[in-house]
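Each position in the sequence shown, counted from 1, maps to that position plus 124 in the numbering used here.
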Amino acid sequence: MNRIEKTGRTVDDAVQAALKELGVSREDVLIEVLEEGKDALFGLIKRDAKVRVTVKEAEKAAAPDSFEEQLETVPETPEGPAPKEEPEVTEAPVSSDAEEERKAAAQDAKTFLETLFKAMGMDLIIEKFINRKDGEIELKLHGDGLGVLIGKHGQTLDSLQYLTNLAANKGKKEWHRIVLDAENYRKRRRDTLEKLAHNLAHRVKRTGRKALLEPMNPYERKIVHEALQNEPGIVTYSEGEEPYRKVVIDLK
């Protein structure tokens with residue numbers, strides 16, 4: 125299977141579900157947004173988003189890793205001219221068009237937020253960063269009154285992030301993931317979830333009874349799963365349907 129259609133609470137949720145089922149990373153696929161979903165301000169979604177994810181064709185043959193490997197493929201010829209040296213193979217650079225579109229998406233996201241915050245009467249500083257490894261775009265918010273933008277367990281920040289992704293990716297050939305952070309909330313939330321996961325795992329070992337966490341979005345569930353993936357005697361899995369899907373911590 126090299127093509128799949130998936131739905132989710134957000135476009136990013138649908139993409140992540142497709143990547144998980146296909147067993148590939150975002151860099152290996154082409155993403156087409158079929159339905160962005162109906163929503164109101166702050167993510168009150170009435171209809172799921174839908175995407176089509178297609179796996180890119182892999183290279184048919186890999187280049188030799190070294191000069192010695194190249195020589196192994198040449199028959200021995202004691203007499204006659206020496207074998208011709210193969211030209212050095214170098215990794216192709218990232219498409220400049222893709223890089224320019226990613227930069228445009230980052231700027232569009234920043235412009236969208238600046239316009240929104242101005243209408244709300246909020247004076248915030250927005251920093252934008254692009255991760256060169258995976259292409260993820262991060263926007264960091266600084267200023268006063270950020271608590272109202274974060275909301276309970278980051279729910280308002282997640283909704284604002286969802287709207288920003290829709291605005292910045294409109295008209296783009298590929299989907300560019302955008303992450304919003306406010307005063308390092310994402311890092312603090314990750315630390316809290318990892319500590320909670322380990323505490324609950326120890327309780328499960330002590331009592332022999334499984335633990336259920338509160339409903340979380342896919343990003344936060346992933347943090348819990350990763351925190352306990354090497355915990356001896358413990359297994360984690362998710363159950364339920366979005367948006368009430370939760371992590372279960374149990375004995376193996």
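Even glycine gets a Cβ: it sits at the ideal position worked out from N, Cα and C.
Asked	Found
Environment of residue 272 [buried if 16+ CB atoms lie within 10 Å]	exposed
Residue 304 vs residue 344 beta-carbon contact at 9 Å	no
Length of the line joining the Cα atoms of residue 326 and residue 375	10 Å
Secondary structure of residue 175, DSSP reduced to three states	strand
Cβ distance (whole Å) where residue 177 is taken to contact residue 130 below 8 Å	7 Å
beta-carbon residue 357 near the ligand SAH non-hydrogen atom, thresh 8 Å	The ligand SAH is not part of the structure shown, which contains no ligands of any sort.
Limits of the unbroken beta strand (DSSP E) element including residue 361	358–363
Host beta strand (DSSP E) of residue 408 (start-end)	This structure does not reach residue 408, given that the chain is present from 125 up to 376, and the question cannot be answered.
Supposed close pair residue 229, residue 293 - CB separation, criterion 8 Å	6 Å
Nearest-angstrom Cβ-Cβ length linking residue 269 and residue 249, presumed shorter than 8 Å	Not confirmed; about 13 Å, so no contact.
Member of 142, 322 and 237 whose CA lies at the smallest distance from the CA of residue 175	142
Alpha carbon of residue 378 to alpha carbon of residue 243, nearest angstrom	Lying before the first or after the last residue shown, residue 378 is absent from the chain, which here runs from 125 to 376.
Exposure label - residue 235; buried when at least 16 CB within 10 Å	exposed
Supposed close pair residue 263, residue 302 - CB separation, criterion 8 Å	7 Å
Coil, strand or helix - residue 131 by DSSP	strand
Pair within 9 Å by beta-carbon distance, residue 339 and residue 368	yes
Chain-order list of residues whose beta-carbon lies under 8 Å from that of residue 334 (same chain, five-residue window excluded)	328, 372, 373, 374 and 375
Whole-number beta carbon distance between residue 157 and residue 180, since they are thought to touch under 8 Å	About 17 Å; that fails the 8 Å criterion.
Any alpha helix (DSSP H) of 4 or more consecutive residues that is wholly inside the stretch 293–363	309–331 and 342–351
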